[in-house]
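Here is the structure we will look at, set down as structure tokens.
Residue numbers (my numbering): 20 to 184.
What follows is the structure, given as structure tokens:
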């Protein structure tokens, strides 16, 4: 093959590889049980996106369906017990989403990038989203905006417990 013929082969191949790389969902991937860890609050580290040590290409996983980014957090006594940021199939977590206690978590809409919480041994919150790096840390203003939802979830759980006595 001549140098000019090789040129027409290499350029389309490079374009195809770059398109495939770009179309794969990119998520942040880390876990922590230490309050204030870089996984929880490392905004500067996460701001590096692709070069971050927390960046994960979801095509590295063999999910049967579509891949999503996810954040799973458990709060006990008002403090973060653990935080997991990862690529997800939207069904597999540290808990069984089909268990009655977690029934409302089945209704998360990845297109809306919303968070739902339920009361179970503390407060369990789950976010599923579908855009690159959508599961990164939020600014303090966004975190504080989740506080009313956590308070309502906690109050509902306490009322349910009180009614059962």
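Glycine is no exception: its CB is placed at the ideal position from the N, C-alpha and C atoms.
Residue pairing of residue 77 in beta bridges, as defined by DSSP: absent, with no partner found. Cβ-Cβ separation between residue 109 and residue 87: approximately 5 Å, consistent with a contact (criterion under 8 Å). Nearest to residue 114 by C-alpha distance, out of 135, 134, 133 and 143, is 143. Taking the Cα positions, residue 141 is about 31 Å away from residue 76. Ranking 131, 71, 145 and 150 by CA distance to the CA of residue 116 puts 145 first. Taking the Cα of residue 93 as reference, the smallest distance to any Cα among 151, 54, 152 and 79 is reached at 54. Note: residue 115 is bridge-paired with 111 in the DSSP secondary-structure output. In this structure, DSSP gives residue 136 an extended state, which the three-state scheme calls strand.
Closest option to residue 112, judged by alpha-carbon separation, among 91, 154 and 71: 91. Taking C-beta atoms under 8 Å as the contact rule, residue 102 and residue 51 qualify, at a distance of about 5 Å.
Taken through DSSP and simplified to helix, strand or coil, residue 150 comes out as coil.
In the DSSP assignment, residue 130 falls outside any beta strand (DSSP E) and carries neither an H nor an E. At a Cβ-Cβ threshold of 8 Å, residue 106 and residue 148 do not count as neighbours. Excluding its 5 nearest sequence neighbours in each direction, residue 129 has C-beta neighbours in its own chain below 6 Å: 87, 147, 148 and 149, listed in chain order.
In this model, residue 122 and residue 89 are separated by some 17 Å (Cα to Cα).
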